[in-house]
Each structure stands twice: as structure tokens, then as C-alpha cells.
Amino acid sequence: MSNISGASSGSSSTRRGRVVGVPTVCWCGAQIVGKISKSDPNPYRRYFRCAYAVSNKLMDDNHVFKWVDEALLNEVERLSSEAKRLEQMVRENEIVFDGVEYEKMVFDKVLMKVEKEVFEKVECVFSEAKTNMKKMMILVIIGCLIIIGFVKLI
1 MSNISGASSG SSSTRRGRVV GVPTVCWCGA QIVGKISKSD PNPYRRYFRC AYAVSNKLMD
61 DNHVFKWVDE ALLNEVERLS SEAKRLEQMV RENEIVFDGV EYEKMVFDKV LMKVEKEVFE
121 KVECVFSEAK TNMKKMMILV IIGCLIIIGF VKLI
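Each residue of the sequence shown is one higher than the one before, counting from 1 in full-length UniProt numbering.
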């Protein structure tokens with residue numbers, strides 16, 4: 001078998017720049033293609049390669065080369081760490097949400113207490129005004145009776 005894959009070693013990161021995850025574009029701007037190795041050390045092992053390097057049959061160059069299994073393993077590790085980070089954010093938001101719920105409950109209780117106090121004060125002021133109004137009406141009636149009495153005397 002010939003070494004058409006462009007790499008005879010078991011690792012793709014020893015000579016080339018480290019590509020994390022599944023590569024999509026090479027540094028040269030060319031798309032990435034999937035190929036199958038026909039080398040003796042890695043027969044039928046799948047890999048990603050720069051389309052430019054494949055079309056020009058370049059070997060030992062600095063264009064993108066990544067074994068599919070390594071790329072998928074990197075991608076799974078990246079997604080796993082991302083999932084852990086998102087879970088942590090959800091937990092933190094739940095704690096904050098619980099704190100906000102508690103604060104809202106306390107605020108509602110304080111609001112009800114203040115509303116009750118204001119209502120009681122309004123009732124008290126209304127009751128006093130009503131009493132004062134009755135007193136004024138009695139004085140007006142007595143005043144009218146006195147005036148009528150003086151008018152009849154004259």
C-alpha cells in the first residue's frame with residue numbers, strides 16, 4: 001500500500017497546526033474533504049484533508065489534515081464541556097431565580113402590609129370627616145332654628 005493519506009504516523013497534530021474538532025476550512029481557504037487512508041500504518045482509516053492539498057497531491061505540507069476519529073473525539077469533548085458550562089449556568093440562574101422569587105414574596109408581603117396600613121388610615125380620616133360633617137350639620141340646624149326663632153319674635 002502507498003502512503004496517499006499524507007501522513008504515516010498515528011497522530012495528525014505532530015507536524016501540522018492543531019485543529020480542534022471537525023475542520024471545515026483550511027487556512028488557505030480551501031474546503032475540507034473526507035478521504036480514506038491507504039497507507040500501511042493506517043489502512044482504511046478515515047481523515048479530513050484540505051481539498052487543495054488533495055488535488056495537488058501534496059505531502060508533508062502544512063495544510064489541514066485530521067483523523068476523523070480524533071476530530072470527532074475533540075468535538076464530543078468540546079460539546080461535553082459546553083454542556084457542563086450550560087448546566088452550571090442553569091444552576092446559577094435557578095439560585096438567582098429562587099432568590100428573586102423569595103424577594104418577590106417578601107415584597108408582596110410588605111406591599112400588602114403597607115396597603116393595609118394606608119387603608120386603615122384612610123378609613124380613620126374618612127370616619128373623622130364623617131363625624132365632623134355630622135357636627136357641622138347639627139350646628140347648622142341649631143343655627144337655623146335660632147334664626148327662625150328670632151325672626152318670629154320680631
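Built from N, CA and C at the ideal position, the CB exists for glycine as well. Just so you know, these numbers come straight off a predicted model, no measurement behind them.
Can you check whether the CB of residue j is closer than 8 Å to the CB of residue i?
i: GLY21; j: ALA83; result: no
i: VAL100; j: LYS66; result: no
i: ILE32; j: VAL64; result: yes
i: TYR47; j: VAL68; result: yes
Would you mind sorting residue i into buried or exposed? The rule is 16 or more other CB atoms within 10 Å of its CB.
i: ARG49; result: buried
i: ASN42; result: buried
i: CYS26; result: buried
Stretch-stretch touch, CB-based, cutoff 8 Å, three pairs: the stretch 48 to 60 with the stretch 76 to 94: Look at the beta carbons and you see the stretch 48 to 60 not touching the stretch 76 to 94: under three pairs across the two are nearer than 8 Å.
- prompt: What runs of the beta strand (DSSP E), each 3 residues or longer, lie entirely inside the UniProt domain "GRF-type" (26 to 71)?
  reply: Whole beta strand (DSSP E) segments, 3+ residues: 32 to 38, 43 to 50, 65 to 67.
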